[in-house]
Amino acid sequence: MKKLRHFLSLAECSKEQIFSLLSRAAAIKRGEPGHGPDLPLSGKSVGLLFEKPSTRTRVSFDVGVYQLGGHPIFLNPRDIQLGRGEPIKDTARVLSRYLDAIVIRTFGQDVVEEFARWSTIPVINALTDRSHPCQILGDLMTLQEAGVDILTMKAAWIGDGNNVANSWIYAACKLGFPFVLACPEGYDPAVDFGCDNIKLTRDPIEAAKGANVISTDVWASMGQEKEASTRRKAFHGFQVNQKTLEYAGDPVYVLHCLPAHRGEEITADVMESRNSLIWNQAENRLHVQKALLEDLIGL
Ligand code: CP
Ligand code: NVA
4 MKKLRHFLSL AECSKEQIFS LLSRAAAIKR GEPGHGPDLP LSGKSVGLLF EKPSTRTRVS
64 FDVGVYQLGG HPIFLNPRDI QLGRGEPIKD TARVLSRYLD AIVIRTFGQD VVEEFARWST
124 IPVINALTDR SHPCQILGDL MTLQEAGVDI LTMKAAWIGD GNNVANSWIY AACKLGFPFV
184 LACPEGYDPA VDFGCDNIKL TRDPIEAAKG ANVISTDVWA SMGQEKEAST RRKAFHGFQV
244 NQKTLEYAGD PVYVLHCLPA HRGEEITADV MESRNSLIWN QAENRLHVQK ALLEDLIGL
């Protein structure tokens with residue numbers, strides 16, 4: 004199997020690579036050693052460059068690097084010269100000489116791509132406006148753990164055609180499971196499907212029908228705060244609630260990448276219901292990212 008050089012989007016990963024990362028993540032969670040040293044990141048440093056807020060991604064990468072024996076270095080763009088206009092291509096070449104990998108959360112997907120073009124160390128996308136591949140790895144692991152066959156599950160997305168939805172689309176294209184997205188007009192995903200197993204509807208109930216997995220996310224993502232009130236109107240009815248679940252398959256699991264706005268895209272009772280895998284989903288970010296770090300720089 005070809006080794007991953009960077010992790011910028013699921014579009015660049017093969018089905019085999021996705022399954023291999025998921026299987027290693029599950030083994031890490033069970034406490035099983037890998038093929039390499041006990042602390043595969045010993046003596047290695049990983050930069051965490053975050054241009055947007057983060058709870059889960061930042062802390063799980065920081066803790067994950069530490070647990071693998073490495074040294075995480077948080078880089079706030081306001082504190083490094085990148086924030087004063089130093090070009091990405093210069094920053095990438097210089098940081099490549101100190102670090103062993105870099106994790107980047109930013110706005111444009113072009114930023115992580117440009118960084119990767121100039122970097123001699125692996126670059127990991129920790130969320131852009133376009134995609135959130137680490138999130139979907141964690142989501143797939145969570146579903147496998149619940150006994151779901153991720154090759155045949157019926158998956159639904161209800162809400163904004165945003166970065167997380169785009170990464171679900173890439174996953175559906177790679178793995179082939181049927182995937183229906185319900186998005187209000189004007190808020191469709193930006194990525195081209197080009198896969199027969201993906202459908203778009205304006206009707207959340209149609210998407211929910213027979214689904215084994217229903218996923219949603221906030222109506223206004225980071226950077227879209229000014230659009231929040233317009234979006235609240237546009238997304239009226241695109242909520243995952245008990246009624247949505249009545250149309251779903253049995254069993255049906257609910258996912259939300261978090262942070263959530265209870266009463267908007269999801270109700271509090273659904274979040275706390277037996278159908279919700281949300282808390283395991285958050286935990287599994289740690290395990291999949293450790294598998295990813297091990298694969299990119301630890302073996
Ligand atoms: N789901 C997720 O990426 O959360 P954070 O924004 O807290 O990292
Ligand atoms: N779509 C959300 C995901 C947060 C993890 C955002 O980009 O803000």
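The opening residue of the sequence shown carries number 4 in the numbering used here; numbering runs sequentially from there.
Even glycine gets a Cβ: it sits at the ideal position worked out from N, Cα and C.
Residue i versus the options, residue with shortest Cα-Cα distance
i    : options                : result
S26  : P43, A294, I300        : A294
K55  : I172, T123, G179, S224 : S224
S276 : A263, E267, Y101, Y256 : Y256
G73  : I83, K47, A95          : K47
H9   : V115, L42, R33         : V115
A174 : K5, K6, L7, L13        : L13
K92  : F77, T123, F64         : T123
D113 : T131, E35, V167        : T131
A168 : R205, D220, K212, P181 : D220
E19  : H135, L178, R205       : L178
L247 : L51, A285, M274, K5    : One detail in the question is off: residue 247 reads as Thr in this sequence, not Leu. Out of L51, A285, M274, K5, M274 has the C-alpha closest to the C-alpha of T247.
G226 : R108, L299, I281, K6   : R108
E209 : G39, G197, C186        : C186
L140 : I300, V106, L302, V291 : V291
Assigned secondary structure, residue i (DSSP; H/G/I helix, E/B strand, else coil)
i    : result
T109 : coil
T204 : strand
T219 : strand
L7   : coil
H259 : strand
V151 : coil
S279 : strand
V194 : coil
Buried versus exposed, by CB contacts within 10 Å (16 or more), residue i
i    : result
L98  : buried
G150 : exposed
A158 : buried
For residue i: DSSP bridge partner residues
i    : result
L52  : L78, I107
Y101 : In the DSSP output, where bridge partners are listed per residue, Y101 has none listed.
L184 : W160, L203
R265 : I269
N128 : I107
C-beta atoms of residue i and residue j nearer than 7 Å
i    : j    : result
N287 : T270 : no
P43  : E297 : yes
A211 : A263 : no
G162 : E268 : yes
M156 : A28  : no
R234 : W222 : yes
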